[in-house]
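Worksheet for the structure shown next.
2 protein chains.
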Amino acid sequence: MKNKIKKAHCAVDYAFQRIGGKYKGRILWVLRDGFLRYGELKRAVVGITPKMLTQTLKELEADELIVRKVYLEVPPKVEYSLTDTGKELIPFIGQMRSWGEKQMLTN
Amino acid sequence: MKNKIKKAHCAVDYAFQRIGGKYKGRILWVLRDGFLRYGELKRAVVGITPKMLTQTLKELEADELIVRKVYLEVPPKVEYSLTDTGKELIPFIGQMRSWGEKQMLTN
DNA sequence: CAGCATCCTCAACGATACTG
DNA sequence: CAGTATCGTTGAGGATGCTG
Numbered sequence: 001m002k003n004k005i006k007k008a009h010c011a012v013d014y015a016f017q018r019i020g021g022k023y024k025g026r027i028l029w030v031l032r033d034g035f036l037r038y039g040e041l042k043r044a045v046v047g048i049t050p051k052m053l054t055q056t057l058k059e060l061e062a063d064e065l066i067v068r069k070v071y072l073e074v075p076p077k078v079e080y081s082l083t084d085t086g087k088e089l090i091p092f093i094g095q096m097r098s099w100g101e102k103q104m105l106t107n
Numbered sequence: 001m002k003n004k005i006k007k008a009h010c011a012v013d014y015a016f017q018r019i020g021g022k023y024k025g026r027i028l029w030v031l032r033d034g035f036l037r038y039g040e041l042k043r044a045v046v047g048i049t050p051k052m053l054t055q056t057l058k059e060l061e062a063d064e065l066i067v068r069k070v071y072l073e074v075p076p077k078v079e080y081s082l083t084d085t086g087k088e089l090i091p092f093i094g095q096m097r098s099w100g101e102k103q104m105l106t107n
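Chains as they are written, first to last, in UniProt numbering: chain A, 1 to 107; chain B, 1 to 107.
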């Protein structure tokens, strides 16, 4: 993990820096049950631009939360999946999701 | 709750918008077991400026995650605490914290 | 298909000083 | 004590077009 954590004042700060940002939570979440290709991710994470998708995937990879697997084929094929560390995050992203769902209804 | 959620593509997105930002997680966390005054929060959330503290507290209050209680005394006294909705978030902020702690050690 | 390269905007965050 | 008020910065994110 070579990603620049600017300076975490505590573990909460640190964790939020690693899965904060506009798309990281969503990307980890859609990867929860398997492998997805770049284009599939692009469709799954509605509204993301190629630039942000690539950039976010790189950060997640540098943070060792996901793995990038390249198949040497034509046309190109790249699959992304969670690492064990990334999988550990799924339960509470799920909790957050439930919480968010409930909130969206009651507001 | 009148806070502007720009446009949530999904519940994960929505949840991250409400507790994202640089200090929200930390503030909710330090409020987990009771009431804290403005000055106590300022000391607990190391590195935060008065401006950011005030601003973040206002957002959390507008989001109905915390409650602001003013005592009409001299000198002034204001206490902040979690709402029930805010308390629901504590368990998984705790999980994130544990995860973050473990990560900080192994890196 | 899976990206990269540029340019640009804006709002989150910061520093500092002041106040009821 | 518990905030406001200004001003300044910067980098995350967006738009668009191009490529191996």
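For each residue, glycine too, the CB sits at the ideal point set by N, CA and C.
CA-to-CA distance, residue j to residue i, given in whole angstroms
i, j, result
"A:M52", "A:I19", "15 Å"
"A:I48", "B:F16", "16 Å"
"A:L24", "A:T56", "The residue asked about is misnamed: residue 24 of chain A is Lys in this sequence, not Leu. Those two C-alpha atoms are separated by around 7 Å."
"A:P75", "A:V45", "22 Å"
"A:E64", "A:L82", "9 Å"
"B:R26", "B:G94", "11 Å"
"A:Y38", "A:D84", "20 Å"
"A:P91", "A:H9", "24 Å"
"A:K42", "B:K6", "21 Å"
"A:E40", "A:S98", "24 Å"
"A:T54", "A:K77", "14 Å"
Test item: CB-CB of residue i and residue j under 8 Å
i, j, result
"A:I66", "A:G34", "no"
"A:L36", "A:E73", "no"
"A:L31", "A:L89", "no"
"B:A11", "A:G100", "yes"
"B:Q103", "A:Y14", "yes"
"A:R68", "A:E61", "yes"
Run of the beta strand (DSSP E) containing residue i, from where it starts to where it stops
i, result
"B:K69", "66-71"
"B:V45", "From DSSP, B:V45 is part of no beta strand (DSSP E); its letter is neither H nor E."
"A:K77", "77-82"
Under 7 Å by beta carbon: chain A residues contacting residue i
i, result
"B:V12", "G25, R26, W29, I93, M96, R97, G100"
"B:G20", "G20"
"B:V67", "Those within 7 Å of B:V67 in chain A number zero; the least Cβ separation is about 17 Å."
Proximal chain A residues relative to residue i, where beta-carbon distance stays under 9 Å
i, result
"B:E40", "None at all; the shortest Cβ gap to chain A is about 16 Å."
"B:E73", "In chain order: nothing, as chain A lies at least about 31 Å away."
Residue i: contacting residues in chain B (beta-carbon distance under 7 Å)
i, result
"A:A62", "Here the premise fails: no neighbours, minimum Cβ distance about 12 Å."
"A:L89", "W99"
"A:G47", "H9"
Residue(s) in a DSSP beta bridge with residue i
i, result
"A:L36", "A:Y80"
Boundaries of the alpha helix (DSSP H) in which residue i is found, first to last residue
i, result
"A:Y14", "11-19"
"B:I5", "Note, B:I5: premise wrong, no alpha helix (DSSP H); not H, not E."
"B:K24", "24-30"
"A:T54", "50-62"
Contact set between residue i and chain A, taken where Cβ atoms lie within less than 8 Å
i, result
"B:M104", "A8, A11, Y14"
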